[in-house]
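Following: one structure in structure tokens, then a few remarks.
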Amino acid sequence: MVNRPAGIPEDAEIASTGGFNKFVGPLYRLKDLEDGAVKRFAFAAAEHHMNGSGSVHGGMLMTFMDTSMSRTSRLISDAKGTATVSLTCDFVAPAKLGDVIESRVRVTRRTRTIVFLSCELVCGERVLMVGSGVWKISGTEE
24 MVNRPAGIPE DAEIASTGGF NKFVGPLYRL KDLEDGAVKR FAFAAAEHHM
74 NGSGSVHGGM LMTFMDTSMS RTSRLISDAK GTATVSLTCD FVAPAKLGDV
124 IESRVRVTRR TRTIVFLSCE LVCGERVLMV GSGVWKISGT EE
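Counting with this note's numbering, you get residues 24 to 165 for the letters of the sequence shown.
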């Protein structure tokens, strides 16, 4: 059982705990916004997420964005798997130890086998990172 970090809502579900995400998590799935148009995930910045400068490591933010967008691709397509084709990130502001970092993912376009997404990482109302990406969908029932 994972202790829920401060700032993670009680109704949040653990989104991913296996494989690589066991080392970077736990990552949580939050309630959608805008009638499901915005998928949300979160994590609380812990000691193992920090870089030598005392900020959350950029690689962790990129990992979180990638995971959030991948999970969204699976949620909207009922896919058994997805693969990152492209991920572009722009760092806007640093995050610090204890921050609850939330991803807000929007689907830009979806075809039968490809999903285009945009994502914003925020801490409260402060934007930390923005990005966009393309995911390949595999193993759907379509």
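Each residue gets a CB set at the ideal place from its N, CA and C atoms; glycine is no exception.
- Decide if residue 82 is buried, meaning its Cβ has at least 16 other Cβ atoms within 10 Å, or exposed. The sequence position of residue 82 within the sequence shown is 59, counting from 1. The residue is exposed, with fewer than 16 neighbouring Cβ atoms inside 10 Å.
Per the contact definition of three or more C-beta pairs closer than 8 Å, is the segment 142-158 in contact with the segment 82-93?
yes
| field | Meets three-Cβ-pair contact criterion under 8 Å: the segment 36-56 and the segment 102-109 | value | no
What does a CB cutoff of less than 6 Å around residue 141 pick up in its chain, not counting 5 residues either side in sequence?
In the sequence shown, the residue the question calls residue 141 occupies position 118. For residue 141, where only same-chain residues beyond five positions count, the Cβ hits under 6 Å are 129, 131 and 155.
Next item on the list: Take residue 62 as the anchor and find which of 143, 79 and 42 has the nearest alpha-carbon.
Entry: By 1-based counting over the sequence shown, the position of residue 62 is 39. Put simply, of 143, 79 and 42 the residue whose alpha carbon is nearest the alpha carbon of residue 62 is 143.
- Task: Report the rounded CA-to-CA distance for residue 76 versus residue 121, giving the unit in angstroms.
- Result: Mapped onto the sequence shown, residue 76 falls at position 53. Mapped onto the sequence shown, residue 121 falls at position 98. Taking C-alpha positions only, residue 76 is separated from residue 121 by approximately 15 Å.
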